[in-house]
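All residue numbers for the sequence shown refer to this note's numbering, where the first residue is 1 and numbers rise by one. Note that the Cβ used here is the ideal one computed from N, Cα and C, for glycine as well. Heads up: the structure comes next, in structure tokens.
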Amino acid sequence: MPAAQRSQAPLPAHLSPSSPAPARWRRPGWRDPRLAGGLALIGGAVALGAWAVDSAAGTQEVYILTRDVAPGTDLTADGVLALVDSRPGSGAYIPAGSLPGDAIATRSLGKGELLPTAAVAPASAASQRSIVIEASLGLPKGTGAGDGVDLWQLPDGQAPRSAGAAAPVASAVTAQPSVGTGPAGDSSQESQEGAGRARVVAQGLVIRAVNQERTSLVSTGTTTVEVLVPEGSVADVLTAVGSGRPLVLVPTGQGS
């Protein structure tokens with residue numbers, strides 16, 4: 001009898017002679033784009049960190065305005081200044097701890113503005129004086145602290161109409177020619193008074209603060225305005241205030 005034949009089980013597919021050999025793992029080379037991308041990311045992160053550290057080291061605290069201020073404002077008062085980290089890059093702004101104890105603003109400054117060194121002076125060096133004036137005709141709309149104005153005086157018998165008439169009257173006064181102050185303008189001013197015309201009392205005033213209008217049973221509405229007056233014009237302004245004649249503040253378009 002023929003010998004019994006043994007049955008052979010089929011080989012697994014991965015051991016079959018016809019199956020391809022498994023690929024061998026190769027270490028990425030320097031030209032692999034994935035390696036180059038990873039190195040670029042690492043380099044960028046290092047550079048960004050170095051820049052952040054350098055920026056933090058170069059900042060300093062400087063003063064910033066928390067509200068609008070007019071010339072002559074006391075900068076040491078509460079609620080006027082705050083400190084903020086900044087990189088001014090020069091000595092153009094006052095750093096923390098360097099503000100004089102009697103510092104005032106020499107010009108109009110806006111809220112959010114860094115405090116410039118050139119806009120600060122000691123109060124003892126100020127050449128302006130603060131005087132409160134009752135503007136008989138009020139102020140034109142949009143006029144406020146920091147705006148430049150001229151002070152006009154109405155003649156005798158020229159009663160103010162109302163506070164609401166401030167804008168048209170101020171425009172009309174602005175159209176009239178200015179009259180010089182001082183000895184050269186005295187005769188001209190006197191002639192204007194005699195003719196029943198308004199006259200210029202002082203020029204170059206700056207509004208420091210404006211109070212609400214007030215009215216009484218015997219007078220029309222007035223607006224109390226605190227103005228900064230050049231030292232040479234203080235006597236003229238006080239004389240006009242004491243005369244009892246109506247006073248009008250006319251905006252000049254200068255200031256903040």
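Restricted to the segment 66-92, the beta strand (DSSP E) segments that are unbroken, complete and at least 3 residues in length are 81-86, listed in chain order. Per DSSP, the unbroken alpha helix (DSSP H) holding Gly242 starts and ends at 234-243. The Cβ atoms of Pro100 and Pro122 sit closer than 8 Å to each other.
With a cut-off of 8 Å on Cβ pairs, the segment 64-81 is not in contact with the segment 43-54, counting fewer than three such pairs. Setting aside the 5 residues that flank it on each side, Leu83 is surrounded in the same chain by Glu61, Val62, Tyr63, Ile64, Ala96, each with a C-beta closer than 8 Å to its C-beta; the list follows chain order. Straight-line spacing of the CA atoms in Asp156 and Arg245 works out to 7 Å.
In terms of Cβ geometry, Ile131 and Val237 form a close pair [threshold 8 Å]. Annotation: Arg107 is outside any beta strand (DSSP E) and is labelled neither H nor E by DSSP. If you draw a 10 Å sphere on the C-beta of Arg87, you find fewer than 16 other C-beta atoms in it, and that means exposed. For Ile94, the three-state secondary structure derived from DSSP is coil.
Under DSSP, Glu226 shares a beta bridge with Val132, Ala209. Looking at Val227, Ala40, Val201, Ala50, the one whose alpha-carbon comes closest to that of Thr73 is Val227.
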